[in-house]
Amino acid sequence: MDFRTDFKPITVQPQMIEGRSFEMITEELGEHHFTEEQYPIVQRIIHASADFELGRSVLFHPDAVKSGVAAIRSGKQVVADVQMVQVGTNKPRLQKFGSDVHVYISDEDVMEEAKRLDTTRAIISMRKAIQHAEGGIFAIGNAPTALLELIRLIKEGEAKPGLVIGMPVGFVSAAESKEELAKLDIPFITNIGRKGGSTVTVAALNAISILADQV
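Position 170 (the sequence shown) corresponds to 1198 in my numbering; numbering is contiguous.
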């Protein structure tokens, strides 16, 4: 079987590929309601997903970007719900400020407690995480139960995050968990509907860290 093709890529230089991608996103997105500080985050979410509908559905608390940048620059920790978010995050940019990404969902004590209580590991991982990440960033892209538990802990005064990036994907409680997040008066980045996922959560987190790294 012959897999040869006459098509050639426009460029194979990474920076040029990314730059042209961003130009295309701006051209296709057209007019939008995002602020100057919010748009780079939306742009990277669309870049990661190729989904303009998802990009247009992103919601920001007015203090979200400022609070996220401040959290990173002050070395606050980042908590992710799953390893996929941890793996995709640009850790050297965080570590430059003394921060890092932590995931507790596979910790032995979390698994044992979830089994004992007959609940999800995601829920128990949030209960553990808040003990180590006050003022930090919580990046939730996979587990709606993690986001709902974090919201409960915030409402009860047990959790005080600097920023919540809550964009879980799915059918059961995903859209609803994001609706609940958007009702809180704390810094958040979320989106409307079922779409989301670890990839776009990582994109938002990395965009925040890029802004934090800018002088």
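The beta-carbon is built from N, C-alpha and C at its ideal position, and this holds for glycine as well.
Taking the CA atoms as reference points, Ile1151 sits about 43 Å from Gln1041. Residue state for Gly1194 is assigned as strand, using DSSP reduced to three classes. Judged by DSSP in its simplified three-state form, Val1230 adopts helix. Take Gly1163, set aside five residues on each side of it, and the residues of its chain with a beta-carbon closer than 8 Å to its own are Ala1099, Ser1102, Lys1104, Lys1188, Pro1189, Gly1190, in chain order.
Within the same chain, and ignoring the five residues on either side of Val1138 in sequence, the residues whose Cβ sits closer than 7 Å to its Cβ are Tyr1132, Arg1149, Ile1152, Ser1153, Lys1156. Here Gly1225 is actually not in contact with Ile1165; their C-beta atoms are around 17 Å apart, not less than 8 Å. Here His1060 carries a coil assignment [DSSP, helix/strand/coil]. Contact between the region 1106-1126 and the region 1225-1242 is present, with at least three C-beta pairs closer than 8 Å.
8 Å or more divides the Cβ of Ala1171 from the Cβ of Val1107. Spatial neighbours of Val1192 in its own chain (CB-CB distance under 6 Å, excluding positions within 5 residues in sequence) are listed in chain order as Phe1166, Phe1216. CA-to-CA, the gap between Val1200 and Ala1078 works out to about 24 Å.
Annotation: Glu1051 to Ile1069 spans about 14 Å, alpha carbon to alpha carbon.
8 Å or more divides the Cβ of Gly1126 from the Cβ of Ile1168. A straight line joining the alpha-carbon of Lys1143 with that of Asp1135 spans about 12 Å.
Secondary structure remark: continuous beta strand (DSSP E) runs of at least 3 residues inside the region 1068-1152, in chain order: 1086-1088, 1106-1108, 1129-1131. Of Ile1179, Leu1233, Gly1198, the smallest CA-CA separation from Glu1208 is found for Ile1179. With a cutoff of 8 Å on beta-carbon distance, Ser1205 and Leu1181 are scored as not near each other.
Remark: C-beta atoms of Arg1072 and Ala1235 approach each other more closely than 8 Å.
When secondary structure is reduced to three states using DSSP, Ile1168 falls in the strand class.
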